[in-house]
Amino acid sequence: MSTAQSDSSTSTLYTSIPPDLEKYAITRAEFFKQNPHFDALAIGAVVYHKKRLLLIQRSATDRGFPNFWEVPGGGCEETDETILHGVERELLEETGLKAKRFVKLVAQLDWKDMRPGRTDRWAKVNVEVEVEGIEKEGDLEVVLAPEEHQAFVWATEEFVEEKTKDGTSLGIFKPRLWVPT
């Protein structure tokens with residue numbers, strides 16, 4: 001992953017953070033100090049366009065979760081100025097979309113990694129993000145990094161429910177948390 005950061009001095013993205021996201025305007029290290037029961041931190045950008053949710057599919061050669069559908073995201077890195085900067089970075093790296101505004105916290109998930117030999121207790125912060133170009137009539141241009149992801153879809157609520165019913169894990173949040181804006 002690239003560690004490129006946005007220039008927050010010229011961005012309006014960080015000038016009005018919604019109250020429910022203020023607790024994520026901290027470094028990764030500070031998050032772990034405040035939450036010592038977690039060993040790992042993942043972040044996700046929940047992007048809606050025309051009441052559809054952007055999902056990206058991991059590559060078939062992904063070591064951990066091949067062909068897994070998810071919202072854009074990844075690990076929060078030590079070089080991320082804050083957790084929210086990490087959300088912005090991952091969104092840009094994985095989709096080419098530029099964050100315009102943080103909307104709200106969608107969910108903070110937590111789980112224990114049950115794979116053999118793993119003991120990590122994970123937290124994942126999913127943040128709804130409005131992206132530049134959202135007002136366009138047509139679909140937004142998504143540019144995937146082919147070594148990481150192989151496909152994307154602007155998913156309807158029905159798509160998400162169908163995939164959930166057939167056992168496909170979407171790695172995002174429970175369908176009851178679906179609230180397209």
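Residues in the sequence shown are numbered consecutively from 1, following this note's numbering. Glycine is no exception: its CB is placed at the ideal position from the N, C-alpha and C atoms.
Within 7 Å, strictly: CB atoms of residue i and residue j
i	j	result
residue 13	residue 153	no
residue 40	residue 91	no
residue 57	residue 155	no
residue 18	residue 104	yes
residue 78	residue 28	yes
residue 97	residue 131	yes
residue 133	residue 140	yes
residue 110	residue 123	yes
Rounded Cβ spacing between residue i and residue j (contact assumed at less than 8 Å)
i	j	result
residue 74	residue 26	Their Cβ separation, rounded to whole angstroms, is 18 Å, which puts residue 74 and residue 26 out of contact at 8 Å.
residue 121	residue 38	5 Å
residue 127	residue 21	6 Å
residue 129	residue 87	7 Å
residue 69	residue 163	7 Å
Simplified DSSP state of residue i, which is helix, strand or coil
i	result
residue 83	helix
residue 71	coil
residue 53	strand
residue 89	helix
residue 160	helix
residue 104	strand
residue 121	strand
residue 147	coil
residue 29	helix
residue 14	coil
residue 41	strand
residue 175	With a pLDDT of 39 at residue 175, under the threshold of 50, the modelled position of this residue cannot be trusted; read the value that follows with caution. Correct three-state label for residue 175: helix.
residue 5	In this prediction, residue 5 has a pLDDT of 45, which is less than 50 and means its spatial position is unreliable; what the coordinates show is noted afterwards. In the structure shown, residue 5 sits in coil (DSSP, three-state: anything other than H, G, I, E or B).
residue 136	coil
residue 165	helix
residue 113	coil
residue 22	helix
residue 130	strand
residue 181	Low confidence applies to residue 181: its pLDDT is 43, below 50, so where it sits in the model is not reliable, and the reading given next is rough at best. If DSSP states are grouped into helix, strand and coil, residue 181 belongs with coil.
Distance between residue j and residue i (C-alpha atoms, nearest Å)
i	j	result
residue 182	residue 83	Nothing about residue 182 can be reported from this structure: the residues present for the chain run from 1 to 181 only.
residue 108	residue 137	32 Å
residue 167	residue 157	16 Å
residue 36	residue 80	19 Å
residue 142	residue 48	13 Å
residue 31	residue 119	19 Å
Top-ranked residue by Cα proximity to residue i, from the options
i	options	result
residue 63	147, 164, 139	147
residue 149	60, 86, 141, 51	60
residue 15	47, 49, 102, 51	102
residue 115	48, 36, 65	65
residue 76	125, 135, 34	125
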